[in-house]
Amino acid sequence: MIDIPADSTGTKRRAWVWFAIKGAVSLGLMIFMLNQISLGDAVAAMTQISFGALLLAWALVVVAHGVNALRLRTFLPGIGAWPALRFTFIGTFYSTVLPSQLAGDAIKAVRLARANNDAGQAVSAVVRDKIMGLAALIALSLAAVPFSGMPASAETTGVLGVALAATAGLWFALDRLPQNGMWARLAKILPRAADVGLTRRQLMTNFLWGVVFQALVVGIFIAVGVDLGLSISTGAWVVVIGVVSVILLLPVTVAGIGLREGSLVGLMGALGQDTTATLAMSLVILMLSLAAAGVGLVFDLTSRDRVT
5 MIDIPADSTG
15 TKRRAWVWFA
25 IKGAVSLGLM
35 IFMLNQISLG
45 DAVAAMTQIS
55 FGALLLAWAL
65 VVVAHGVNAL
75 RLRTFLPGIG
85 AWPALRFTFI
95 GTFYSTVLPS
105 QLAGDAIKAV
115 RLARANNDAG
125 QAVSAVVRDK
135 IMGLAALIAL
145 SLAAVPFSGM
155 PASAETTGVL
165 GVALAATAGL
175 WFALDRLPQN
185 GMWARLAKIL
195 PRAADVGLTR
205 RQLMTNFLWG
215 VVFQALVVGI
225 FIAVGVDLGL
235 SISTGAWVVV
245 IGVVSVILLL
255 PVTVAGIGLR
265 EGSLVGLMGA
275 LGQDTTATLA
285 MSLVILMLSL
295 AAAGVGLVFD
305 LTSRDRVT
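Counting from 5, one number per residue, gives the positions in the sequence shown under the numbering used here.
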């Protein structure tokens, strides 16, 4: 059984200080960007989005969460389809309201650990699902670079290649944690893939679902972006969204606010796209993320942690 230590006053204080710092970074990034782009013009552009485009984007958001639930089940087959979907939305809620995306995964891991008979398996499933999803994201982005027409494509390939190698290194490092000394506790929380019965078929299935998930995310951006008049190749969309998704893993802002908008505007601007329309797209994506987080909040408040 995994012991979840009680939080101390000092730890809570540090968490709030860190949250305040991230909030300041988000605010600073947004102020800097809004000095370059008119918020009023971006909001006006948002109002021009058709209902059909918004409906399609939201449908893709829901389907993407369903795919994420399927990914989780490949590593945690004992969990039912509905609980997996519920935990996925709850994870989205905490990823949105807490200072880091990874915080949402941590909450999901703890909640699954408490509900599952094998806590180590539950935590391992969430962590390895995250790593495999990141690998799928980077691999798809790498494959799309030659078809993207991106400037500095060689540099982009190099950065993505290093990121993929680092992701693979992290995966293999988890399977080689020392069973004694300072790493013993972490090794107990994160057992080796073989120790929790993961097979190559499960790994490949999870990876392929990760590719499908990333394709759906790209589809969400295209549904909104095209309706706003943004026009780049499909390959460029894949690379842009992949790079932005990697950047958003940096725990330096609240819910990615400011970082998402700045990176999107910079990358789309380099491709000759209208920065006002890009900012409008980013704000719409933020609203869709908040809507999904709202669904997670409802699930969190109205149901108990069960895996069946």
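For each residue, glycine too, the CB sits at the ideal point set by N, CA and C.
Taking the C-beta atoms as reference points, ALA49 is found nearer than 7 Å to ALA281.
At least 7 Å separates the beta-carbon of LEU254 from that of ARG264. Secondary structure note for ASN72: its alpha helix (DSSP H) is the uninterrupted segment 55-79.
In this structure, ALA68 keeps its C-beta atom at 7 Å or more from the C-beta atom of LEU89. Put simply, the backbone Cα of ASP231 is about 11 Å away from that of LEU60.
For LEU178, the secondary structure class from DSSP, reduced to helix, strand or coil, is helix.
Excluding sequence positions up to five before and after GLY262, its CB lies within less than 8 Å of the CB of VAL29, SER30, LEU31, GLY32, LEU33, MET34, MET37, all in the same chain and listed in chain order. Taking C-alpha positions only, LEU116 is separated from VAL127 by approximately 7 Å. Taking 7 Å as the cut-off, the beta carbon of PHE97 is found no closer than this to the beta carbon of ALA295. Within the stretch 234-271, no run of beta strand (DSSP E) reaches 3 residues while sitting entirely inside it.
Rounded to the nearest angstrom, the Cβ distance from ALA148 to VAL243 is 5 Å, consistent with a contact under 8 Å.
Contact check for LEU178 against ASP133 fails: the beta carbons are separated by 7 Å or more.
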